[in-house]
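Step one of this worksheet: look at the structure below.
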Amino acid sequence: MFALKPIHLEKKVSNENQIILLFDMDTTCPCLYPMLYTMKFLRFQSVSTQHADLIALKFWYDFWSEKFATSFCESFYSSSYNFEIIQSEIDNFIIYLENNKKIESNLIRLRNAEHANYTTIGHRLRSFLKFYSFLIDEYLTIQSQPQLSLKEIQKIKGNLNKYMTIKKKIINNFSKSNKTIKSEINYSFKSMNDEMIKGLYLIISPSNSNKYNTLNPFKSKNVQLRNFLIIHLMLNYGLRIGELMLLTTNSIKKSIQNHNFSLIITNTDDEFDDRSKKPKIKNEYSYRVIKLQERDYRILQIYIDEIRKEIPSQILFTSLKPPYSALSYASVKKIFDHVDLSLKTLLPECFDTSAYDSIERLTPHVCRHSWAYMMLSFSFEKYKKENVNHSDLKQSVNDALLKAQDDLRALGGWSPTSTMPIYYGKRFIVERANFMNLARIIDSSINYD
22 MFALKPIHLE KKVSNENQII LLFDMDTTCP CLYPMLYTMK FLRFQSVSTQ HADLIALKFW
82 YDFWSEKFAT SFCESFYSSS YNFEIIQSEI DNFIIYLENN KKIESNLIRL RNAEHANYTT
142 IGHRLRSFLK FYSFLIDEYL TIQSQPQLSL KEIQKIKGNL NKYMTIKKKI INNFSKSNKT
202 IKSEINYSFK SMNDEMIKGL YLIISPSNSN KYNTLNPFKS KNVQLRNFLI IHLMLNYGLR
262 IGELMLLTTN SIKKSIQNHN FSLIITNTDD EFDDRSKKPK IKNEYSYRVI KLQERDYRIL
322 QIYIDEIRKE IPSQILFTSL KPPYSALSYA SVKKIFDHVD LSLKTLLPEC FDTSAYDSIE
382 RLTPHVCRHS WAYMMLSFSF EKYKKENVNH SDLKQSVNDA LLKAQDDLRA LGGWSPTSTM
442 PIYYGKRFIV ERANFMNLAR IIDSSINYD
């Protein structure tokens with residue numbers, strides 16, 4: 022039996038002072054080769070990436086143990102690093118994953134089993150092939166294979182790399198094919214339009230002494246304000262859910278002259294944070310300072326000074342009842358689930374699957390997509406107006422779009438070369454393209470009556 026365990030480190034030897042290791046629960050020791058893989062490569066990745074890659078290795082070790090009644094580490098070492106024993110089992114491993122992690126010796130799988138999620142299987146196999154590449158680089162060497170000449174090693178490596186390239190193409194193709202066969206291609210957007218956003222604020226606006234918001238699914242005014250801030254910050258400042266959960270009372274800052282207000286996005290250590298899955302900054306570009314609107318700063322101060330003043334933890338969003346636990350991923354998701362039901366009642370047409378521009382449900386990720394849509398649209402129009410006198414109109418439009426994407430990268434915590442702004446701003450890109458196409462059709466004045 023194998024299991025993943027997070028290891029907290031006293032000294033920073035990874036990007037997050039934490040690594041994940043694959044343990045053999047029978048020996049209570051870490052598995053050798055995955056541990057070396059983690060220490061030499063995975064520790065520089067985010068915890069979520071470590072977990073995703075190692076869960077694939079867990080399945081490989083489960084598969085190997087069930088089939089051969091021994092650990093893969095033992096087999097690989099005792100074979101003197103014979104890569105043929107791995108390569109000969111990869112297709113059987115695919116069948117194992119297709120068969121819901123069961124080994125059937127007489128099973129022949131003719132792909133596209135209805136219950137199998139080939140996209141997930143594809144992710145698992147790509148993670149395993151990265152580990153396989155690591156083993157090739159580490160153990161197909163003169164030092165590890167003294168019986169082979171350098172020329173023989175280079176030839177074997179060349180053949181293995183060709184195999185890997187072919188296998189990766191097959192994996193990519195069959196996950197795409199499965200989506201096509203199951204008719205699961207999703208054309209819907211993941212962002213809200215203006216009507217949905219206005220409806221959302223009708224629901225989440227907190228009750229006050231003058232008016233009780235009957236649409237708000239939360240009864241307590243304190244809970245209403247907390248939940249309003251959670252959704253408002255994600256929707257207007259593009260926060261990832263993990264970044265929202267990292268916020269503390271010290272994350273909100275004002276300038277020396279009190280003219281500017283900022284939200285500091287960084288990792289947080291808090292002695293009262295007992296969450297089993299602690300949030301972490303996703304990458305080096307996620308560390309950032311975001312300017313806050315003054316009104317939002319004032320509302321946050323009201324929440325800090327009046328609603329959570331008795332809470333010992335510095336974590337910004339916690340339960341408002343003892344023991345005041347920091348909100349977990351599940352807790353935030355539950356908040357969104359309640360609001361989602363209310364929004365579907367208020368605007369059922371916006372969730373109608375027969376409409377191409379509907380959304381499936383309200384989630385934290387939808388808020389980030391919606392922020393990207395609003396931000397990209399606003400920045401593009403702003404830069405386009407600034408370039409209105411540019412002699413080359415086409416170049417002016419392209420420059421405006423590039424600048425708008427740069428804004429999105431900086432505020433969204435993406436690298437300077439990331440293509441994610443286009444993905445997250447899909448609704449804007451599609452709307453703009455369709456607007457231009459219809460304008461072209463009208464301008465062409467083709468008579469077909």
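Our numbering numbers the first residue of the sequence shown as 22 and each following residue consecutively. The C-beta atom is built at its ideal place from N, Cα and C for all residues, glycine as well.
If you drop the 5 nearest sequence neighbours on each side, which residues of the same chain put their C-beta closer than 8 Å to that of D294? By one-based count along the sequence shown, residue 294 stands at place 273. Correct list, in chain order: S334, I336 and A347.
Please report how far the alpha carbon of D291 lies from the alpha carbon of L341, in whole angstroms. Locating residue 291 in the sequence shown gives position 270, counting from the first residue. Locating residue 341 in the sequence shown gives position 320, counting from the first residue. When rounded, the distance between both Cα atoms is 17 Å.
Near L221, what residues of its chain come up, given a Cβ to Cβ distance below 8 Å and the 5 sequence neighbours on each side ignored? The residue labelled residue 221 in the question sits at position 200 within the sequence shown. Excluding sequence positions up to five before and after L221, its CB lies within less than 8 Å of the CB of M213, I252, L256, V360, L364 and L383, all in the same chain and listed in chain order.
Tell me whether D378 counts as near the ligand NAD, meaning its Cβ is closer than 7 Å to at least one heavy atom of that ligand. Among the components modelled here there is no ligand, and therefore nothing to report on the ligand NAD.
Rounded to whole angstroms, how far is the Cβ of L75 from the Cβ of L53, which I believe are closer than 8 Å? As a working note, residue 75 is residue 54 in the sequence shown. As a working note, residue 53 is residue 32 in the sequence shown. Actually they are not in contact, since the Cβ atoms of L75 and L53 sit about 14 Å apart, beyond 8 Å.
Cβ contact (3+ pairs, closer than 8 Å) linking the stretch 388–407 and the stretch 254–271: At 8 Å Cβ cutoff, the stretches touch.
Of all Cβ atoms in chain D, is any one closer than 8 Å to the Cβ of I311? The question asks about chain D, but that chain is absent: this structure has only one protein chain.
Buried or exposed by the 16-neighbour rule on C-beta atoms within 10 Å, applied to M22: Residue 22 sits at position 1 when you count from the first residue of the sequence shown. By the neighbour-count rule (16 or more Cβ atoms within 10 Å), M22 is not buried but exposed.
Return the chain-ordered list of same chain residues with a C-beta closer than 6 Å to the C-beta of L321, the five sequence neighbours on each side being excluded. Indexing the sequence shown from 1 puts residue 321 at position 300. So the list reads I273, once near-sequence residues are dropped.
Close Cβ partners of I174 (< 8 Å) along its chain, the five nearest in sequence each way excluded: Mapped onto the sequence shown, residue 174 falls at position 153. Taken in chain order, the residues that qualify are L161, T162, I163 and Q166.
So P225 packs on F249, CB below 8 Å; how close in whole Å? To locate residue 225, count along the sequence shown from 1; it is residue 204. To locate residue 249, count along the sequence shown from 1; it is residue 228. A small fix is needed here, since residue 225 is Ile in this sequence, not Pro. Contact flag correct, Cβ pair sits at about 5 Å.
Please state whether the Cβ-Cβ distance between N408 and A421 is less than 8 Å. Translated into the one-based positions of the sequence shown, residue 408 becomes position 387. Translated into the one-based positions of the sequence shown, residue 421 becomes position 400. The Cβ atoms of N408 and A421 lie closer than 8 Å to each other.
Considering only C-alpha positions, which residue in the set I115, E87 and F239 is nearest to D358? Counted from its first residue, the sequence shown places residue 358 at position 337. When each option's Cα is compared against that of D358, the closest is F239.
Would you call D45 buried or exposed, if buried means 16 or more other Cβ atoms sit within 10 Å of its Cβ? Taking the sequence shown and counting its residues from 1, the one referred to as residue 45 is at position 24. Under a 10 Å Cβ-count criterion, D45 is classified as buried, with 16 or more other Cβ atoms of the shown protein chains found around its own Cβ.
For D288, tell me which candidate among T269, I277, S297 and N279 has the shortest Cα-Cα distance. Reading the sequence shown from its first residue, position 267 is the one you call residue 288. A small fix is needed here, since residue 288 is Asn in this sequence, not Asp. Ranking T269, I277, S297 and N279 by Cα distance to N288 puts T269 first.
Quick check on the DSSP output: what are the complete alpha helix (DSSP H) runs of length 4 or more inside the stretch 407–461, in order along the chain? Counting only runs of at least 4 residues, the stretch 407–461 fully encloses the following alpha helix (DSSP H) elements, listed from N- to C-terminal order: 414–433 and 441–445.
Boundaries of the alpha helix (DSSP H) in which P27 is found, first to last residue: As a first step, residue 27 is located in the sequence shown; it is residue number 6 there, counting from the start. Segment F23 to H29 is the beta strand (DSSP E) holding P27; no alpha helix (DSSP H) there.
Would you check if the distance between the CB atom of I192 and the CB atom of G143 is smaller than 8 Å? If you number the sequence shown from 1, residue 192 lands on position 171. If you number the sequence shown from 1, residue 143 lands on position 122. Against a cut-off of 8 Å, the Cβ pair of G143 and I192 comes out as a contact.
Measure how close the beta-carbons of S379 and C388 come, nearest whole angstrom, since I'm counting them as under 8 Å. The residue given as residue 379 occupies position 358 in the sequence shown. The residue given as residue 388 occupies position 367 in the sequence shown. That pair is no contact at about 16 Å.
Can you have a look at M457 and say buried or exposed, based on whether 16 or more other CB atoms are within 10 angstroms of its CB? For the purposes of this step, residue 457 is taken as the residue at position 436 of the sequence shown. So M457 ends up on the exposed side.
DSSP-derived helix/strand/coil call for L284: On the sequence shown, residue 284 is found 263 positions in, with the first residue counted as 1. Assignment of L284 by DSSP, reduced to helix, strand and coil, places it in the strand class.
Tell me which residues share the same chain as S375 and place their Cβ nearer than 8 Å to its Cβ, disregarding the 5 neighbours each side in the sequence. Residue numbering aside, residue 375 sits at position 354 when the sequence shown is read from its first letter. Result list for S375: empty, nothing under 8 Å.
Among H386, N113 and T48, whose alpha-carbon lies nearest the alpha-carbon of S92? Translated into the one-based positions of the sequence shown, residue 92 becomes position 71. With distances taken between Cα atoms, S92 lies closest to T48.
On the premise that S307 lies in contact with I285, defined as a C-beta separation below 8 Å, what is that separation, rounded to the nearest angstrom? Your numbering for residue 285 matches position 264 in the sequence shown. Your numbering for residue 307 matches position 286 in the sequence shown. About 12 Å separates the two Cβ atoms, so there is no contact after all.
In this structure, does DSSP put Q245 in helix, strand or coil? Looking up residue 245 in the sequence shown gives position 224. Three-state DSSP puts Q245 in a helix.
On a CA-only basis, which of K403, K312 and R448 is nearest Y20? Give me that one, please. In the structure displayed, the chain extends from 22 to 470; residue 20 sits before or after that span and is not available.
By DSSP, does D464 sit in helix, in strand, or in coil? Position 443 of the sequence shown holds residue 464. DSSP places D464 within a helical segment (H, G or I) once states are collapsed to three.
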